[in-house]
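Take a look at the structure below.
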Amino acid sequence: MLRTHDAGTLRASDAGSTVTLAGWVARRRDHGGVVFVDLRDASGYIQVVVREEEAHALRNEFCVLVTGEVRRRPEGNENPELPTGEIEVAAAELRVLSPSAPLPFPIETDQAASDDVRYRYRYLDLRRQGPAKALRLRSEVSRIAREVMARHGFTEVETPTLTRSTPEGARDFLVPVRLQPGKWYALPQSPQLFKQLLMIGGLERYYQIARCFRDEDFRADRQPEFTQLDFEMSFVERDDVLAVVEDVVRALWQELASYDVPEIPRMTYREAMDRFGSDKPDLRFGIELTELTEYFAQTPFRVFQAPYVGAIVMPGGGSQPRRAFDAWQDWAKSRGHRGLAYVTVGEDGTLGGPVAKNISDAEREGLVAAVGAQPGDCVFFAAGARRPAQELLGAARNETARRLELVEPGSWSFLFVVDFPMFEETEDGSWTFTHHPFTSPTPDWRDRFEQDKGAALSDAYDLVCNGNELASGSVRIHDAELQERVFETLGMSQEEARERFGFFLEAFSYGPPPHAGAAIGWDRTCALLSGVDSIREVIAFPKTGAGYDPLTGAPTPITEAQRKEAGIDAQPDEPALPGEPGAPGPTDPTR
Numbered sequence: 154m155l156r157t158h159d160a161g162t163l164r165a166s167d168a169g170s171t172v173t174l175a176g177w178v179a180r181r182r183d184h185g186g187v188v189f190v191d192l193r194d195a196s197g198y199i200q201v202v203v204r205e206e207e208a209h210a211l212r213n214e215f216c217v218l219v220t221g222e223v224r225r226r227p228e229g230n231e232n233p234e235l236p237t238g239e240i241e242v243a244a245a246e247l248r249v250l251s252p253s254a255p256l257p258f259p260i261e262t263d264q265a266a267s268d269d270v271r272y273r274y275r276y277l278d279l280r281r282q283g284p285a286k287a288l289r290l291r292s293e294v295s296r297i298a299r300e301v302m303a304r305h306g307f308t309e310v311e312t313p314t315l316t317r318s319t320p321e322g323a324r325d326f327l328v329p330v331r332l333q334p335g336k337w338y339a340l341p342q343s344p345q346l347f348k349q350l351l352m353i354g355g356l357e358r359y360y361q362i363a364r365c366f367r368d369e370d371f372r373a374d375r376q377p378e379f380t381q382l383d384f385e386m387s388f389v390e391r392d393d394v395l396a397v398v399e400d401v402v403r404a405l406w407q408e409l410a411s412y413d414v415p416e417i418p419r420m421t422y423r424e425a426m427d428r429f430g431s432d433k434p435d436l437r438f439g440i441e442l443t444e445l446t447e448y449f450a451q452t453p454f455r456v457f458q459a460p461y462v463g464a465i466v467m468p469g470g471g472s473q474p475r476r477a478f479d480a481w482q483d484w485a486k487s488r489g490h491r492g493l494a495y496v497t498v499g500e501d502g503t504l505g506g507p508v509a510k511n512i513s514d515a516e517r518e519g520l521v522a523a524v525g526a527q528p529g530d531c532v533f534f535a536a537g538a539r540r541p542a543q544e545l546l547g548a549a550r551n552e553t554a555r556r557l558e559l560v561e562p563g564s565w566s567f568l569f570v571v572d573f574p575m576f577e578e579t580e581d582g583s584w585t586f587t588h589h590p591f592t593s594p595t596p597d598w599r600d601r602f603e604q605d606k607g608a609a610l611s612d613a614y615d616l617v618c619n620g621n622e623l624a625s626g627s628v629r630i631h632d633a634e635l636q637e638r639v640f641e642t643l644g645m646s647q648e649e650a651r652e653r654f655g656f657f658l659e660a661f662s663y664g665p666p667p668h669a670g671a672a673i674g675w676d677r678t679c680a681l682l683s684g685v686d687s688i689r690e691v692i693a694f695p696k697t698g699a700g701y702d703p704l705t706g707a708p709t710p711i712t713e714a715q716r717k718e719a720g721i722d723a724q725p726d727e728p729a730l731p732g733e734p735g736a737p738g739p740t741d742p743t744r
C-alpha cells in the first residue's frame, strides 16, 4: 500500500505518529511561508501543513502522496465540523502522483454545475461528497437486502442478459448476432420468464439484483437500463410475497434512515384512484378527491355532462390572483388536458370563478358542503372519462401539496396497492395487459375474466412510498390452459402463443408449482434513502432523459464495416417465427 492510513480516520489519539497519506488536494490556503492543504480521500478530509516552497505548484485536484507527523492543531484553530478537526499533519515529504488540468467546474462547492456538465465529467462529480455518499449508500442497500434474502432462504441466481424478444410492456433493445446473420438477441426487460422457469425447476426461492433494459419513450426520470431486486417464491400466496417485501424495506429504512417502518396498510387500486387519483398515492397529506358525478347528473353546464366529475379542495386557494389561476390552466395543458375548472369560495361563502357562472342555483348552493370546502378555499374540477379525470385531479392534489408545503420534511408513508385491473382497452378497441401477460387473475375472476375484461381483477400488487412506486409483483399463472386463455383474450391465437412462448408453455406441462414474486426498484429505493430528487444521482454513470450518455456520447452510429460484420442488413437463413424481429403477422399492441 502506498499509504499507511485513510485520511478521514485519523483522530487526536494519533497525535505524535508518522503517517503516509494519499489523496487529492481539495483546497489550499496560503498563510505566508506555509500552505494549508485540505487533503481528501474516500474516507474524508485532513488538514496538511506544507512549506510554501514545496507547495507552490499544487492546485486543486492534484493527486498527491504526503508523509508527515500527526499533531494537534493550535488551540482555537480546531474545526468542529470535521471528524479530523482537532488535528493536522505536518508534511515532511510531499510528492505529486499526478497533476490536474484546469477543472470544468468547481468540485468543493455547494453550487453544483448543470447536470449536462456534471454527467459529462461524472468521474469528477463523484469526487464530491454528495454523489460519492449516494453510491456508497447504494452499496449498503444491496448488502442489507442480501442479508434479508439469505435469512428467508433465497438463492441468488444470475439469469441471461442475451435472450429472445418477448412482450413485457415495452420495446426491447435488440442485439445482432454476427455468427447468425439476420438473427437477433434481445436484452431482457426483466427476468420474468426465467424466474418462473426456475420455480418450475424446483429452486423454490430465487432472487437477484438484476439489470433490466427497456426501450421506452423519453421520460425525465427513467433510464433505459435500470436495476431491481427481483425475486420469486414457490408454494406461496400474495401475503407471503408482501411479507418479504416488507421485511426488506423495514431492514433498509431501519438501518439507513433510522426509521421503523410500521405494518404497511393495503388499499385496492379502485379505492386509491377514487380517493387520491393515483395508483401510487402519497399519503403524507390528506387532500382527497370527491366524486360529483351524481351531484351534477342534471347540470346545465356542458363540461360537467360527462361520465365522471370529481373535485379536490385547495385550502386557502381562493386568494390566489388571476395570474395564478391562469398558470394552473397552463399546468393542466402541459399534462395533455384542456384546462382545470375551478371555483373560489369567498369569505361569505359566495362562489366565484367561471364554473360558478355556468352551474345551476341549486348546484351552487350545495357545492361547498358537497366537497367539504371552507371560506377562502378553491375547488378544482375534472370531468370526462373516469381514469384520465381522476389522474388530473391526483396530479393537482400533489401540486397543491407542493405549493402549500403540506409534506413534512423527512416523513415516510408506505402503502400496498392490490387488486389491479387485469386488462386495459387500447385506442383501437383491443385489449392489452395491465401488469404483464403472466399475471394471474384473482381467485374470483379466474373462471370468468373473459366475460368482463374491463372489470376483471388481477392478483397484482405494488408497494408505494411517498407517492413513488417502489415495488411491483403478482401471483403468476401456473396452469397452461389458463395461460392460453389469457393469451387468447389478448388477441393471440393458440398457434401464435405456441410459436412465441413454446419453450415457456412446454415447461408448464411438467408439474409447475404455484408461485408468485415481485421486484423492488433499486434506483428509486436508493434515491429515496439518499434524499435526492432524481434516480440519476444514485447511478454511477447515468444517461439523460433522452437516453443520451454525456460521458461517452452514446448512442453513436456504427461504421459500414461494423454493419456488414454484424450482418445487420442480412436476411435470416430461416424464416423468423411470429413475434420475432422482422416477422410478419400480429404484434403486441403495446409495441
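Residue numbering for the sequence shown follows the working numbering, starting at 154 and increasing by one per position. Even glycine gets a Cβ: it sits at the ideal position worked out from N, Cα and C. No experiment lies behind these values; they were computed from the predicted model shown.
Contacts around residue i, its chain only, beta-carbon distance under 7 angstroms, and the 5 residues preceding and following it disregarded
| i | result |
| --- | --- |
| V330 | K336, W337, Y338 |
| V639 | P590, I630 |
| G197 | A160, G161, P236, T237 |
| G470 | D530, C531 |
| T740 | Legend: pLDDT at T740 = 33, less than 50; position of this residue unreliable, no value from coordinates given. |
| E441 | R428, F429 |
| V398 | L616, A624, A671, I673 |
| M467 | D530, C531, F533, T553 |
| T157 | V172, T173 |
| T452 | Q458, I512, S513, E516 |
| G720 | P329, R331, P334, G335 |
| K510 | none |
CB-CB length for residue i against residue j, believed under 8 angstroms
| i | j | result |
| --- | --- | --- |
| Y495 | F533 | 5 angstroms |
| T595 | D612 | 5 angstroms |
| V187 | E205 | 6 angstroms |
| L256 | E214 | 6 angstroms |
| P252 | A723 | Rounded, the Cβ-Cβ distance is 50 angstroms, inconsistent with contact. |
| R275 | F694 | 6 angstroms |
Pair within 7 angstroms by beta-carbon distance, residue i and residue j
| i | j | result |
| --- | --- | --- |
| A195 | L174 | no |
| V389 | A660 | no |
| P341 | T316 | yes |
| E228 | A243 | no |
| P703 | R273 | yes |
| M352 | P666 | yes |
| A168 | R225 | yes |
| I297 | E408 | yes |
| C618 | R291 | no |
| S687 | D263 | no |
| G139 | E447 | Past the edges of the chain, shown from 154 to 744, lies residue 139, and the structure says nothing about it. |
| P120 | T312 | Shown here, the chain extends from 154 to 744; a query on residue 120 therefore has no answer. |
| S163 | V203 | In the sequence on display, residue 163 carries Leu and not Ser. The answer is no: Cβ separation not under 7 angstroms. |
| G537 | A425 | no |
| S564 | T592 | no |
| V570 | Y663 | no |
| E385 | K348 | yes |
| W675 | L382 | yes |
Proximal residues to residue i (C-beta, below 6 angstroms), its chain only, five neighbours per side dropped
| i | result |
| --- | --- |
| A179 | D191, R193, E261 |
| S267 | none |
| P742 | Annotation note: pLDDT 29 at P742 (below 50); position unreliable, coordinate value reported separately. For P742, where only same-chain residues beyond five positions count, the Cβ hits under 6 angstroms are T579, S583, T585. |
| G700 | P377 |
| S166 | none |
| Y461 | T446, R539, A542 |
| S683 | A287, L290, V691 |
| S170 | V223 |
Same chain only: Cβ atoms within 8 angstroms of residue i, ignoring 5 sequence neighbours per side
| i | result |
| --- | --- |
| L493 | W481, Q482, W484, A485, F533, F534, A535, L545, A549 |
The stretch 411-419 contacting the stretch 584-592, beta-carbon criterion three pairs below 8 angstroms: no
Any beta strand (DSSP E) of 3 or more consecutive residues that is wholly inside the stretch 213-241: 216-225
Can you confirm whether the stretch 563-578 touches the stretch 599-617 when touching is taken to mean that 3 or more C-beta pairs between the two stretches lie within less than 8 angstroms? yes
Pick out the complete beta strand (DSSP E) segments inside the stretch 400-468, 3 residues or longer, and give them in chain order. 419-421, 461-467
Return the chain-ordered ranges of every beta strand (DSSP E) run that is complete within the stretch 374-400 and spans a minimum of 3 residues. 378-387
The stretch 352-369 contacting the stretch 304-316, beta-carbon criterion three pairs below 8 angstroms: yes
Would you be able to state if there are at least three C-beta pairs under 8 angstroms between the stretch 498-506 and the stretch 421-438? no
In the stretch 567-647, which residue ranges form an unbroken beta strand (DSSP E) of at least 3 residues, counting only runs that do not cross its ends? 567-571, 576-578, 584-586, 613-618, 621-628
Return the chain-ordered ranges of every alpha helix (DSSP H) run that is complete within the stretch 453-537 and spans a minimum of 4 residues. 475-487, 507-511, 514-524
Is the stretch 548-562 in contact with the stretch 501-512, if contact means three or more CB pairs nearer than 8 angstroms? no
Could you pull out every unbroken alpha helix (DSSP H) segment of at least 4 residues lying fully inside the stretch 306-382, listed in chain order? 345-353
Whole runs of the alpha helix (DSSP H) within the stretch 660-708, excluding any shorter than 4 residues: 675-683
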